[in-house]
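Chains as they are written, first to last, in our numbering: chain D, 1097 to 1393; chain W, 2 to 341. Notes for the one structure printed next.
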Amino acid sequence: MLELLPQQLANGLALGSTYALVAMGLTLIFGVLLIPNFAHGEFYMLGAFITYALVASGLNFWLAMAAAVVLVTGIGWIVDRVVFQPIGSAPGHSAAQGSGLSMMISALAGSIILQQVATIIWGTEARTIPAPMTGVIQTPYFTITALQLTVIGTLTAAWIAVWLVLHRSRLGLAIRATSQNRDAALLMGISMTQVRLATFGIGAALGAVAGALLGATFPIYPSMGVTPVLKAFVVLVIGGIGSLPGAIAGGLVLGMVEVMVAGYGASQFQDIGTFVILVAVLLIRPQGLFGRAQVER
Amino acid sequence: MMDPLASSRHGFIRTVAAASAMLVAACAVSLQLNDYYLYVVTIGAIFAVLAVSFDVLLGYTGYLSLAHGALYGLGAYICAVLTARHGLPFWAALPVAGLATGAAGALVALLSFRTRGLYFAVLTLGIGLVGHQLFLVFDQVTGGVGGFVGIPGPEQPAWLPVSPVAYAALLALALLWVTFVAASLFVRSKLGAACLAVREDITLARALGIRVAAARLSAFAFSATFAGLAGALFAAISSFIAPESFTVLGTGFQLVALVVVGGMGTLWGPVVGAILLTALPEALRVASTYSLLAYGVLLLVCVIFAPKGIASLISAAVRRFRGKSKPAPDPARLRREATP
């Protein structure tokens, strides 16, 4: 059994990287704008389907993926404008708990609407994107496909890119200021429109990248975003809400645990293993691995 | 929101009388409907039971649980196993299912109340997902993904000469009445008042010596018990249950939607929400391809245009109709005006 361990770790790393990509977008939107975006899974789904449609019409996979990322970013802005902004600005909504609940419900509504639109366009049957690369890399301890390696590489690149934007640009400074204290940021003359556009754009783009890459390995269907977004919320809680390193570490841990449970236990216990980890983390460290302690008021 | 301490025993009697009148009216109307609409009434009433009891936890105590889809399923499976495998009559299985689900809910509550806010929501989401998975994994007991077939329906007394479908609808409406009365009793009790204190300011409540743990635990157990009862009735009426009826994203979120759209912190708001969001899409199933899309749009419109729920819109309309144009004083505004 032990000789399988390196192979399991490699598989877990690849799986965890896609979780981390989804969770990064989710934690960014939640951390900065305080929106629990349950429609995030649909960005992922649309990334996969738009890539599929463009590849089917003869485009190169990577060009199709780039186009899908651009389109999904636009869809992300539309979703923010139609689904979330009316709630944030309506007079009946305060910043209290009620607003968070309304946000959740409207996110759910947005997710249902996007899923149904995708079902009307593409139908419910599962499809596959032809794999853009088929190479396999052999090492003495494990084998890894070129696609898995690309996923891991993409996560690394995305992390570096997001870190550079957040910490080395004026826009990033504005985003970080907003996540620390929204009112103070507004008083300093930070444009909320810019921050919203940037945050939703980056979040949706990360989701679309994950969807396109995973669509090249697994079948795609309109409700494919549901499980990843639930898992991404679990990742968020394991890592600590609003923390990017937390999202990445949580995603990788989750991927590893799932692969281990499926490999050494039974595959039907895969999801249960995940949530046992979640419950354990929350009981020992309720604010998540990288989270700041919540101040009780 | 209503203040339960201010409302007297007189108010409770009036609530029960109004609920009873509604029950009689709903039963009378239901008996005129055809079988399809009777089914819609049954499902709507079961979801109203879930929503009203869920609001005791969400609206009155301020905790968002996503585990209630699985608790509803637990009640359904307990009733199914007891009646179909062990030959218990439905009327014996129903209270067992309710109490056992209430106990399971108390266990979930003990685990989850270590956290709060979004963490509480996500922890219960995890528990809900595990529960749903367990229904799939223990296929010896539950029938797995294929579902549990052949659950005997509730025994019908001979003196009630109605069709079984109509009987199911009457039972669901009666359970809704029981839930409504029990919930209004609960929120008027000392425990209910303590729950409100937990919602408003848990630290202050602790400092005042209110037994916070007992209050929120009982709110969770209350909602879980009625979720179990609703599940048991659902199992007996449908005669077939499958794990897909008890998912987090389907049922768990549906409950939140019913309560928020209907109006949190009122007991009749969730009933309105249940009628609007479960019965209406069922009744409008003519364009079935677009019915889920219509549901999504309806949900979005409700949340954007009635942020405090349909209940607040209705209250405002009633106030205007009675000619009381002056709205109730908003405490936040009073405080603002008091500060120089």
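Glycine included, C-beta positions come from ideal geometry on N, C-alpha and C.
Original post:
So which of W:V199, W:H133, W:L177 has the shortest CA-CA distance to W:G210?
Top reply: W:V199
**OP:** Determine the burial state of W:Q33: buried for a count of at least 16 other Cβ atoms within 10 Å of its Cβ, exposed for fewer.
**Re:** exposed
Subject >> Continuous beta strand (DSSP E) stretch holding D:Q1234: start and end >> reply: 1232 to 1234
Original post:
Given that a residue counts as buried once 16 or more other Cβ atoms are within 10 Å of its Cβ, and exposed if not, what is W:P341?
Top reply: Its pLDDT being 40, under 50, W:P341 is placed unreliably in this model, and the coordinates cannot settle the point.
Original post:
Using the beta-carbon of each residue, which ones in chain D are nearer than 7 Å to W:F227?
Top reply: Residues of chain D passing the Cβ test: none, with the nearest at roughly 21 Å.
**OP:** Give the DSSP-derived three-state secondary structure of W:F223 in the structure shown.
**Re:** helix
Original post:
So the beta strand (DSSP E) D:I1240 belongs to, where does it begin and stop?
Top reply: 1239 to 1241
Original post:
Do we get a CB-CB distance below 8 Å when we pair W:R323 with the residues of chain D?
Top reply: no
**OP:** Please compile the residues from chain D whose C-beta is within a distance smaller than 7 Å of the C-beta of W:A258.
**Re:** I1201, L1204
Original post:
Skipping 5 residues on each side, what residues in its chain have a beta carbon closer than 6 Å to that of D:G1188?
Top reply: Residue confidence is low: D:G1188 scores 42 on pLDDT, short of 50, so the model does not pin down where it sits. No coordinate-derived value is stated.
**OP:** Please report how far the alpha carbon of D:Q1212 lies from the alpha carbon of D:G1137, in whole angstroms.
**Re:** 13 Å
Original post:
Taking any Cβ of chain D, which residues in the region 107 to 126 of chain W have a Cβ under 9 Å from it, in chain order?
Top reply: L112, S113, R115, T116, R117, G118, L119, Y120, A122, V123, L124, L126
Original post:
Taking 8 Å as the CB-CB cut-off, is D:I1208 touching chain W?
Top reply: yes
Original post:
Between the region 76 to 84 of chain W and the region 257 to 275 of chain W, do at least 3 Cβ pairs fall closer than 8 Å?
Top reply: no
Original post:
Under 8 Å between C-beta atoms, does W:V304 make it to chain D?
Top reply: yes
Original post:
Does the Cβ-Cβ distance between W:L54 and W:A184 come in under 8 Å?
Top reply: Per the sequence shown, residue 54 of chain W should be read as Ser rather than Leu. Yes. Within cutoff.
Subject >> Amino acids of chain D, ordered along the chain, whose beta-carbon sits closer than 8 Å to that of W:L197 >> reply: Within 8 Å Cβ-Cβ: nothing; W:L197 doesn't reach chain D, min ~14 Å.
**OP:** Would you please verify whether the beta carbon of D:L1350 is less than 8 Å from any beta carbon of chain W?
**Re:** no
Original post:
Of all Cβ atoms in chain W, is any one closer than 8 Å to the Cβ of D:I1271?
Top reply: no
Subject >> Span separating the alpha-carbon of W:F136 from that of W:I128 >> reply: 13 Å
Original post:
If you drop the 5 nearest sequence neighbours on each side, which residues of the same chain put their C-beta closer than 8 Å to that of D:I1337?
Top reply: T1123, F1126, G1127, G1384, G1387
**OP:** Check W:R321 in the structure and name its three-state DSSP category.
**Re:** helix
Subject >> Unbroken alpha helix (DSSP H) run spanning D:T1147, endpoints >> reply: 1136 to 1152
**OP:** Note down the Cα distance separating D:N1277 from D:Q1290, rounded to an integer number of angstroms.
**Re:** 16 Å
**OP:** For chain W, find out if any of its Cβ atoms is closer than 8 Å to the Cβ of D:Q1276; answer yes or no.
**Re:** no
Original post:
Quick one: what's D:R1223 bridged to in DSSP?
Top reply: D:I1316
Original post:
Secondary structure at W:I79, three-state DSSP: helix, strand or coil?
Top reply: helix
**OP:** Check whether the region 171 to 178 of chain W touches the region 29 to 43 of chain W, taking contact to mean three or more Cβ pairs, one atom from each stretch, closer than 8 Å.
**Re:** yes
**OP:** Just the C-alpha distance for D:R1223 and D:A1214, rounded to the nearest angstrom, thanks.
**Re:** 13 Å
Original post:
Cα separation between W:F91 and W:A85?
Top reply: 10 Å
**OP:** Return the bridge partner residues of W:V150 from the DSSP annotation.
**Re:** W:F241
Original post:
Should W:V42 and W:V82 be called a contact, given that it needs their Cβ atoms to be closer than 8 Å?
Top reply: no
Original post:
chain D beta carbons: is any one of them nearer than 8 Å to that of W:V273?
Top reply: no
Original post:
Any idea if W:D202 is buried or exposed, counting beta-carbon neighbours within 10 angstroms, 16 or more meaning buried?
Top reply: exposed
**OP:** Compile a chain-ordered list of the residues in the region 52 to 77 of chain W whose CB is closer than 9 Å to at least one CB of chain D.
**Re:** L59, G63, L65
**OP:** Could you tell me which of D:L1378, D:L1309, D:G1335 sits nearest to D:W1158, measuring between CA atoms?
**Re:** D:L1309
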